[in-house]
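**Student:** Numbering (this note's numbering), first residue to last: 59 to 170.
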Amino acid sequence: MRLAALFTAAALVAGPALAETPKLLIWINGDKAYNGLQKVGNAFEKASGVKVVVEHPVDPTDKFQQAAGAGKGPDIFCWPHDRVGEWAKAGLLTPLRPSEKLKAEVEDQAWK
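As structure tokens, this is what we get:
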């Protein structure tokens, strides 16, 4: 449920890009739950019609900085918090601002 809410929030934030090409690009490190995340993405795609592509690029942090700096980063990047401050200061991250309707549909504890 929480992952579905995350996908929904990301799809809402991606807005205009999704209007042209309905695709949600997710990057995750290759040693993480890649296959499980793709299965969740497949279910989201079936329910929403938005194609979900899960990738695990080589040297993901370097590639993220390059791609995001050029405005072409993934919609979601699953990575530990150790680089978030640096990326936020560099303007590479976009805050999620879910609607009140979406917040009401997700367990309160998930937002904390």
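For each residue, glycine too, the CB sits at the ideal point set by N, CA and C.
With a threshold of 16 other CB atoms inside 10 Å of the CB of leucine 82, please say whether the residue is buried or exposed.
**Tutor:** Its Cβ being crowded by 16 or more others within 10 Å, leucine 82 is buried.
**Student:** How about tryptophan 145 and leucine 154: are their beta carbons less than 8 Å apart?
**Tutor:** It is not a contact, given that the beta carbons lie outside the stated cut-off.
**Student:** Report the three-state DSSP secondary structure of glutamate 144 (helix, strand or coil).
**Tutor:** Helix.
**Student:** Roughly how many whole angstroms lie between the Cα atoms of leucine 76 and alanine 126?
**Tutor:** Because the pLDDT of leucine 76 is 48, which lies under 50, any placement of that residue in the model is unreliable, and the number read from its coordinates should be weighed accordingly. Leucine 76 and alanine 126: Cα-Cα distance of roughly 17 Å.
**Student:** State the DSSP-derived secondary structure class of leucine 165, mapped to helix, strand or coil.
**Tutor:** This sequence places glutamate at residue 165; leucine is not what is there. The answer is coil: DSSP assigns glutamate 165 none of H, G, I, E or B.
**Student:** How would you label proline 138, buried or exposed, when you count the other beta carbons within 10 angstroms and need 16 or more for buried?
**Tutor:** Proline 138 is exposed by the Cβ-count criterion.
**Student:** So, at 7 Å on beta carbons, what are the nonlocal neighbours of isoleucine 86 in its own chain, with the 5 sequence-adjacent residues on each side left out?
**Tutor:** Result list for isoleucine 86: Tyr92, Leu95, Val112, His114 and Cys136, in chain order.
**Student:** Does the Cβ of glycine 42 have 16 or more other Cβ atoms within 10 Å, making it buried, or fewer, making it exposed?
**Tutor:** No answer is possible for residue 42: the residues shown for the chain start at 59 and end at 170.
**Student:** Using the DSSP secondary-structure output, state which residues sit across from tryptophan 137 in a beta bridge.
**Tutor:** According to DSSP, tryptophan 137 bridges with nothing at all.
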